[in-house]
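Engineer:
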Amino acid sequence: MIREFSSADILFIVTAARWTLILSAIAFFGGAIGGLLIALSRSSHSVLLRRLAAWFIQVFQGTPLLMQLFLVYFGLSVVGLPIDPLLAAAVALTLHASAYLGEIWRGAIEAVPSGQTEAAKALSLSYRDRMQHVILPQAMRVATAPTVGFLVQLIKGTSLASIIGFTELTRAGQIVNNATFKPFLVFGTVAILYFALCWPLSLLARHMETRMRRAITR
Amino acid sequence: MTDSAIIMRAVNKFYGDFHALVDIDLTVGRGERIVICGPSGSGKSTLIRTINQLEEIRSGTILVDGVELTAGGDNVAKVRQDVGMVFQSFNLFPHMTVLENCTLAPMKTRKIPRAEAEATARHYLERVKIPEQAEKYPAQLSGGQQQRVAIARALCMKPRIMLFDEPTSALDPEMVKEVLDTMIDLAQEGMTMICVTHEMEFARAVADRVIFMDKGLIVEENAPEAFFNSPKNERLKNFLGQLA
């Protein structure tokens, strides 16, 4: 019944890690688009847009990611879509990432001194040109390090998708553990793989932060 | 009417309950050079910032080169193309080189090709006497040089009116002169200018009219000679006394 923890199991876990990466990538890029829209709405002149964006952020920051996954997963069938763990996890994590990245980037946009917007307006630059050429490039410098930091959180957050039955890294570990009953060994392996994904990114974020601090004091 | 660069009629501006501009009437002729002074909080910066709508007004009308600023449409964009502004804190774009600072707006809003925009930029950098700094970033320049870049950047849009909002207040004393010289140059070429400044030497040298503001009102205006030598208003007398 209970078999040994073999190299085939390790291979199974390692290949499942690609789903963690794919899910993270979808959520990150989806969240980048959503986050930009949220950040621009939050810093816009329209009261309605600002309120909507603030409300969106509060909902997604004020509820557990696990509940968001559940609601999207079971919500799919309510709106008549097939219950698909990948789709549900991708949608939920994208919304989640949109809220967090939106808040990080709003802060970065607001950190750009107001004189920059005034100078750009005085030169008759349109909203689009002001954002694209003046404000966002400067905001990006401030935002890069916390954005990479959030990406690390997001990668770890994808582990929750295992609970709705999506076979990524954590779920693969559970499957192997059920067969071998070597929890310490199995989840140790899983943890090492997460660490191998996240640690370089954490280093990168720290490196960017130091560089950024140097750029400011220059 | 066509002889006036700027006409402000019964302009009122509030910040919350604070009445920042009170029934301002001001007409600026083409080629006229005006200096506005007054204590801090008197509304002098606010006044020139309403001319390119960095500040929106509550009531009244502002016409710039015959275009009514508050009439909606793309009037604001039109007016801003014709009105250059120089700020106390320079507000250069720190992530762009001096040349890029000068070419961005002409290329984006006037749709001028890059080569032509760069030629224009180099021409104006020559005029403000820093052609050799074109490839540098703002942070590599001194305050005086940065402010001259800011003047060149505004000129690259070929404005018909220039607004200066305390352009020398953030500068070390030894750099004030190079910026004032640039502004005097500009004045001598017939540019319509409104300058908020406390540099009274500059006012004497180039102004056609000096305006004193206090508590959101234009209290006194006169030619520099009369303004400085025979001020009528008590508050202006006090103000001039403090400057001396």
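For the protein sequence lines, the chains are U and W, in the order given.
Positions 1 to 218 (full-length UniProt numbering) are the ones given, in order, by the first sequence.
Positions 1 to 244 (full-length UniProt numbering) are the ones given, in order, by the second sequence.
For each residue, glycine too, the CB sits at the ideal point set by N, CA and C.
Sort out for me which residues DSSP pairs W:Tyr15 with in a bridge.
Structural biologist: Taking the first residue of the second sequence as 1, we reach residue 15 of chain W at position 15. DSSP output for W:Tyr15 lists W:Phe18 as bridge partner(s).
Engineer: Could you have a look at U:Gly31 and say whether DSSP puts it in helix, strand or coil?
Structural biologist: Here residue 31 of chain U refers to the residue found at position 31 of the first sequence. The three-state reading of DSSP puts U:Gly31 in helix, counting H, G and I together.
Engineer: Report the partner residues of W:Glu68 according to the DSSP bridge assignment.
Structural biologist: Taking the second sequence and counting its residues from 1, the one referred to as residue 68 of chain W is at position 68. According to DSSP, which records beta bridges pairwise, W:Glu68 is partnered with W:Leu63.
Engineer: Once you ignore the five residues that flank U:Ala97 on each side, which residues in its own chain have a CB closer than 8 Å to its CB?
Structural biologist: For this step, residue 97 of chain U is matched to residue 97 along the first sequence. Excluding residues within five positions, the ones whose Cβ falls inside 8 Å are Ala27, Phe28, Gly30, Gly31, Ala32, Gly34, Gly35, Phe150 and Leu154.
Engineer: Under a Cβ-count criterion, where at least 16 other Cβ atoms within 10 Å of its own Cβ denotes burial, should W:Tyr15 be classed as buried or exposed?
Structural biologist: The sequence position of residue 15 of chain W within the second sequence is 15, counting from 1. By the neighbour-count rule (16 or more Cβ atoms within 10 Å), W:Tyr15 is not buried but exposed.
Engineer: So what's U:Met131 in DSSP terms, helix, strand or just coil?
Structural biologist: Indexing the first sequence from 1 puts residue 131 of chain U at position 131. Correct three-state label for U:Met131: helix.
Engineer: Can you give me the Cβ contacts of U:Thr20 inside the same chain, cut-off strictly under 6 Å, excluding the 5 residues immediately before and after it?
Structural biologist: As a working note, residue 20 of chain U is residue 20 in the first sequence. Result list for U:Thr20: Thr158, Glu168 and Leu169, in chain order.
Engineer: In the DSSP output, which residue or residues are listed as bridge partners for U:Val112?
Structural biologist: Residue mapping note: residue 112 of chain U aligns to position 112 of the first sequence, counting from 1. The partner list for U:Val112 (beta bridge, DSSP) is empty, contrary to what the question assumes.
Engineer: Please list, in chain order, the residues of the region 146 to 162 of chain U that have any C-beta partner in chain W closer than 8 Å.
Structural biologist: none
Engineer: Between the C-alpha atoms of W:Gly72 and U:Pro85, what's the straight-line distance to the nearest angstrom?
Structural biologist: Taking the first residue of the second sequence as 1, we reach residue 72 of chain W at position 72. Taking the first residue of the first sequence as 1, we reach residue 85 of chain U at position 85. Between W:Gly72 and U:Pro85, the alpha-carbon positions lie close to 51 Å from each other.
Engineer: Following the continuous beta strand (DSSP E) through W:Ile84, name the residue where it begins and the one where it ends.
Structural biologist: Within the second sequence, residue 84 of chain W is the residue found at index 84, counting from 1. Here the sequence assigns Gly to residue 84 of chain W, which means Ile is not the residue at that position. Where W:Gly84 is concerned, the enclosing beta strand (DSSP E) stretches over Val83 to Val86.
Engineer: Going along chain U, which residues have a C-beta under 8 Å from W:Ala80?
Structural biologist: Residue 80 of chain W sits at position 80 when you count from the first residue of the second sequence. Note that residue 80 of chain W corresponds to Arg in the displayed sequence, not to Ala. Per Cβ cutoff of 8 Å: Lys121, Ala122, Leu123 and Ser124.
Engineer: Which first and last residues belong to the alpha helix (DSSP H) in which W:Phe164 is found?
Structural biologist: Here residue 164 of chain W is taken as the residue at index 164 of the second sequence, counted from 1. That residue, W:Phe164, is in no alpha helix (DSSP H); its beta strand (DSSP E) goes Ile161 to Asp165.
Engineer: Check the Cβ-Cβ distances between W:Lys215 and every residue of chain U, and say whether any is below 8 Å.
Structural biologist: Numbered from 1 along the second sequence, position 215 holds the residue referred to as residue 215 of chain W. Chain U contact via Cβ: absent.
Engineer: Is the beta carbon of W:Pro39 closer than 8 Å to that of W:Phe228?
Structural biologist: As a working mapping, residue 228 of chain W is identified with position 228 in the second sequence. As a working mapping, residue 39 of chain W is identified with position 39 in the second sequence. The answer is no: Cβ separation not under 8 Å.
Engineer: Going along chain U in order, which residues have a C-beta closer than 7 Å to the C-beta of W:Asn91?
Structural biologist: The residue you call residue 91 of chain W lines up with position 91 of the second sequence. Correct list: Gly115, Gln116, Glu118 and Ala119.
Engineer: Could you give the distance in angstroms between the alpha-carbon of W:Thr103 and the alpha-carbon of W:Val128?
Structural biologist: What you label residue 103 of chain W is simply residue 103 of the second sequence in a count that begins at 1. What you label residue 128 of chain W is simply residue 128 of the second sequence in a count that begins at 1. Cα-Cα distance, rounded: 16 Å.
Engineer: Considering only DSSP beta bridges, list what W:Asn222 is partnered with.
Structural biologist: Counting from 1 along the second sequence, the entry for residue 222 of chain W is found at position 222. In DSSP, W:Asn222 forms a bridge with W:Val210.
Engineer: Of the residues that make up the region 104 to 118 of chain W, which ones have a beta carbon closer than 8 Å to any beta carbon in chain U?
Structural biologist: Leu104, Ala105, Lys108 and Thr109
Engineer: I want to see whether chain U comes within less than 8 Å of W:Phe227, judged by CB atoms only; does it?
Structural biologist: Here residue 227 of chain W corresponds to residue number 227 of the second sequence, with the count starting at 1. At a cut-off of 8 Å between beta carbons, W:Phe227 makes no contact with chain U.
Engineer: Nearest by alpha-carbon distance to U:Glu103: which of U:Trp55, U:Ala205, U:Val14 and U:Leu160 is it?
Structural biologist: In the first sequence, residue 103 of chain U corresponds to position 103, counting from 1. If we check each option's Cα against that of U:Glu103, U:Trp55 comes out closest.
Engineer: Is the beta carbon of W:Met175 less than 8 Å from the beta carbon of W:Leu186?
Structural biologist: The residue labelled residue 175 of chain W in the question sits at position 175 within the second sequence. The residue labelled residue 186 of chain W in the question sits at position 186 within the second sequence. Result no, Cβ atoms of W:Met175 and W:Leu186 do not sit closer than 8 Å.
Engineer: What does W:Pro224 touch in chain U if you count any residue whose Cβ is under 7 Å from its own?
Structural biologist: The residue given as residue 224 of chain W occupies position 224 in the second sequence. Residues of chain U passing the Cβ test: none, with the nearest at roughly 27 Å.
Engineer: Going by C-alpha to C-alpha distance, which of U:Arg3, U:Val14, U:Ala145 and U:Pro113 sits closest to U:Val190?
Structural biologist: For the purposes of this step, residue 190 of chain U is taken as residue 190 along the first sequence, with counting starting at 1. The option with the nearest alpha carbon to U:Val190 is U:Val14.
Engineer: Assess contact between the region 126 to 141 of chain U and the region 77 to 97 of chain W, defined as three or more Cβ pairs (one per stretch) separated by less than 8 Å. Is contact present?
Structural biologist: yes
Engineer: For U:Gln138, go through chain W and note every residue whose CB falls closer than 9 Å to its CB, in chain order.
Structural biologist: Looking up residue 138 of chain U in the first sequence gives position 138. What U:Gln138 touches in chain W: Phe93, Pro94 and His95.
Engineer: Show which residues of chain W have a CB atom less than 7 Å away from the CB atom of U:Val134.
Structural biologist: Here residue 134 of chain U is taken as the residue at index 134 of the first sequence, counted from 1. Chain W residues near U:Val134: Phe93.
Engineer: Run through the DSSP bridge pairs and tell me what W:Ser4 is partnered with.
Structural biologist: In the second sequence, residue 4 of chain W corresponds to position 4, counting from 1. Paired residue(s): W:Gly29.
Engineer: Residues of chain W with CB under 9 Å from U:Asp129, in chain order?
Structural biologist: Indexing the first sequence from 1 puts residue 129 of chain U at position 129. Simply Leu104, Ala105, Lys108 and Thr109.
Engineer: With a cut-off of 8 Å, does the C-beta of W:Phe239 fall near any C-beta of chain U?
Structural biologist: Numbered from 1 along the second sequence, position 239 holds the residue referred to as residue 239 of chain W. Not an interface residue.
Engineer: Can you list, in chain order, the residues of its chain whose CB lies under 6 Å from that of U:Asn177, leaving out five sequence neighbours each side?
Structural biologist: What you label residue 177 of chain U is simply residue 177 of the first sequence in a count that begins at 1. For U:Asn177, where only same-chain residues beyond five positions count, the Cβ hits under 6 Å are Pro183 and Val186.
Engineer: Let me know the secondary structure DSSP gives W:Asp74 once reduced to three states.
Structural biologist: Residue numbering aside, residue 74 of chain W sits at position 74 when the second sequence is read from its first letter. Coil at W:Asp74, not helix or strand.
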